[in-house]
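Chains U and H supply the protein sequences, listed in that same order. Just so you know, we're using our numbering here: the first sequence kicks off at 1 and counts up by one. Just so you know, we're using our numbering here: the second sequence kicks off at 1001 and counts up by one.
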Amino acid sequence: MDQHRTEKRNMANNQFEKYLELLKGFLKLAESRKEEIAMELRDHLDHRMDQLTRKGKSPEEAERIAIKEFGDAIRMAASFVDVSDFKRRRWMMRFTTFAIVGSFVTALFVMSMWPQNGPIQVASSQAQEETATPATSKEKRDPRGVIPATTTVSRTRSTAEELAIRALSSEVPKFEVEGERLDIAIQKLSQAARVPIHVSKYLEESGVDLETPVTLKIENAKLTTILDLMLGDQIESTDWDYGVRDSLIFIASQDNFEEMMEVRVYECSDFAVPATVKSPIHAPFGGMTGAGLGGTGGFFSVPSNPRRVVPGQGNTPLQGSPIQKLFRVETGT
Amino acid sequence: MNRKFSRELLRGSIDFMILGVLADRPKYGYLIQQDISAASNQRVKLPPGTLYPLLHRMEADKLIRSKWESDTGRKRKWYEITAKGKKQLATQVDQWREYVECVSQVISVFPYPKSA
């Protein structure tokens, strides 16, 4: 049957093959794809010629009619190329979509793993850990009760400091002690403020009696205010101070603070250009407010409290410190 | 009256006519053309230049799939409807019936000039 068709087509001058060659010339497709299309169209032509010859047409006439029905070879080629382009465009669109989604997911992943984000949780958990087990934290310090100074300033540690700094300037909703020992009162304040407060065991050597009964009832007051009221108003000794070290609020003697003083070197432009300010935290002890440089402390941890004023005692712990010398920090005394 | 339809009128419906004739069994191009022609009482005749690129596009859209088979020693490309094609056919048939009803309703409301 097929051989019979082929013979008929061959007899009819093979005009259709010329048509196919013309068509294939305009198909910008792979050779195998061109041949597939040609094969499919040949099959159609054979069927159509069969039908026409059955109706009495000569093979030549049948082929002429069939080829005419195929229409313009260039237009047909353009239609096939359109399909191919459509597939290519769709593939490109899928690829682009996939690439965009992939990039977005990757960016999200990178952002979630970025040290600035990830370790914050670590810092928080460190802070919680220290709140829960202050004894463990204490073991890490040297026997003199002084936190070893470090010259490495990691972002994690800085963040932990920031959290403690925030805690100092945050309001404590309610704090009430009546005739409690000072150390117990501080412990209760630590719980109320949800921040670890550590009292140096050498504080007593400087004359601060941790058994001094403390009575205080206050609501919605800043932690700094409560500490000032508890320590400044109710303790006779004035040789004490508080500051932030890592994630910890540390209460120690002036000498302790001098010993743990850490000098960190910052570029002056960090302080002078507002755009480079890294934290909006208003440091309770940073001393920058008085310097008229924007009041943005928190970059450095200076274990002193220039804002705290003990009447008549002239407590100015920053005097003579490197910060004081560099920036002429006014302590407010 | 046995007129052929205009190309503009056919443009949006040829693909679902093809899906319709493939709904019962796989067919090759010439058979699809003949079935549509017969079912439309010779009023819809798809020239090969329209039919084959359209079949290839529908295959790219995964509405139909094709396979080459050799019956009587000659290779022939057969097309069959896919699950996606069947779903689209069902949707399009419903839409088309609603559309025909809608058009009929619109033109019945307003008088229109009778063709000669």
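All C-beta atoms in this analysis are idealised placements derived from N, C-alpha and C, irrespective of residue type, glycine included.
Limits of the beta strand (DSSP E) - the one that residue i falls within
i	result
lysine 1077 (chain H)	1074-1081
proline 173 (chain U)	171-181
glycine 243 (chain U)	241-245
Own chain partners of residue i with C-beta closer than 6 Å, once the 5 adjacent residues on each side are dropped
i	result
lysine 217 (chain U)	Glu176
valine 1044 (chain H)	Ile1036
valine 105 (chain U)	none
alanine 77 (chain U)	Leu23, Phe26, Leu27
Extent of the continuous alpha helix (DSSP H) run through residue i
i	result
valine 105 (chain U)	73-113
threonine 224 (chain U)	223-227
arginine 1043 (chain H)	Note, arginine 1043 (chain H): premise wrong, no alpha helix (DSSP H); not H, not E.
tyrosine 334 (chain U)	This structure cannot settle anything about residue 334 (chain U), because the visible part of chain U is limited to 1 through 333.
serine 1006 (chain H)	First-last for serine 1006 (chain H): undefined, no H or E at that position.
proline 1026 (chain H)	Premise fails: proline 1026 (chain H) is in no alpha helix (DSSP H) and is neither H nor E.
glutamate 36 (chain U)	31-54
proline 59 (chain U)	59-70
Min CB distance residue i to chain H below 8 Å
i	result
phenylalanine 26 (chain U)	no
glycine 43 (chain U)	Per the sequence shown, residue 43 (chain U) should be read as aspartate rather than glycine. Output row for aspartate 43 (chain U): interface = yes.
serine 32 (chain U)	no
phenylalanine 95 (chain U)	no
arginine 75 (chain U)	yes
arginine 48 (chain U)	yes
glutamine 126 (chain U)	Because the pLDDT of glutamine 126 (chain U) is 47, which lies under 50, any placement of that residue in the model is unreliable, and the question is left without a value.
phenylalanine 80 (chain U)	yes
methionine 39 (chain U)	yes
phenylalanine 70 (chain U)	yes
phenylalanine 364 (chain U)	An answer regarding residue 364 (chain U) cannot be provided, because it is not within the stretch 1 to 333 covered by chain U.
valine 83 (chain U)	yes
lysine 87 (chain U)	yes
serine 154 (chain U)	A caution first: serine 154 (chain U) carries a pLDDT of 44, below 50, which makes its placement in the model too unreliable to give a value.
Short Cβ contact (8 Å threshold) for residue i with residue j
i	j	result
aspartate 1015 (chain H)	leucine 1054 (chain H)	yes
tyrosine 1030 (chain H)	aspartate 85 (chain U)	no
aspartate 1063 (chain H)	leucine 1019 (chain H)	Rather than aspartate, the amino acid found at residue 1063 (chain H) in this sequence is leucine. Their beta carbons are under 8 Å apart, which means leucine 1063 (chain H) touches leucine 1019 (chain H) by this criterion.
valine 214 (chain U)	alanine 167 (chain U)	no
phenylalanine 98 (chain U)	tyrosine 19 (chain U)	no
alanine 1060 (chain H)	valine 83 (chain U)	yes
leucine 203 (chain U)	isoleucine 251 (chain U)	yes
leucine 210 (chain U)	aspartate 183 (chain U)	yes
valine 195 (chain U)	isoleucine 235 (chain U)	no
glycine 41 (chain U)	proline 1048 (chain H)	Glycine is not the amino acid found at residue 41 (chain U); the sequence shown has leucine there. In contact: leucine 41 (chain U) and proline 1048 (chain H) (Cβ atoms closer than 8 Å).
valine 244 (chain U)	isoleucine 165 (chain U)	yes
serine 200 (chain U)	serine 253 (chain U)	yes
alanine 107 (chain U)	valine 172 (chain U)	no
aspartate 246 (chain U)	alanine 160 (chain U)	yes
serine 1070 (chain H)	lysine 1077 (chain H)	no
lysine 55 (chain U)	isoleucine 65 (chain U)	no
alanine 193 (chain U)	leucine 223 (chain U)	yes
Interface flag, residue i vs chain U, CB-CB below 8 Å
i	result
glycine 1029 (chain H)	yes
glycine 1049 (chain H)	yes
proline 1053 (chain H)	yes
phenylalanine 1110 (chain H)	no
lysine 1077 (chain H)	yes
arginine 1057 (chain H)	yes
alanine 1060 (chain H)	yes
Cβ shell of residue i (< 8 Å), same chain only, five flanking positions each side left out
i	result
leucine 1022 (chain H)	Ile1032, Ile1064, Tyr1079, Glu1080, Ile1081, Gly1085
isoleucine 67 (chain U)	Gln15, Phe16, Tyr19, Leu45
tryptophan 1096 (chain H)	Ser1013, Phe1016
glutamine 1088 (chain H)	Phe1016, Leu1019, Leu1063
arginine 1074 (chain H)	none
arginine 88 (chain U)	none
phenylalanine 1005 (chain H)	Arg1043, Val1044
In DSSP terms, what residue i is bridged to
i	result
histidine 198 (chain U)	U:Phe250
serine 1066 (chain H)	H:Tyr1079
lysine 217 (chain U)	U:Glu176
aspartate 1071 (chain H)	H:Arg1074
Same chain, Cβ closer than 7 Å to residue i, five either side skipped, listed in chain order
i	result
glycine 179 (chain U)	Pro213, Thr215
glycine 207 (chain U)	Ser237, Asp239
alanine 1057 (chain H)	The identity of residue 1057 (chain H) in the sequence shown is arginine, whereas the question assumes alanine. Answer for arginine 1057 (chain H): no residue qualifies.
isoleucine 74 (chain U)	Phe26
Cβ-heavy atom distance, residue i to the ligand MN, below 7 Å
i	result
lysine 1077 (chain H)	Absence of the ligand MN is noted for the structure shown, with no ligands found whatsoever.
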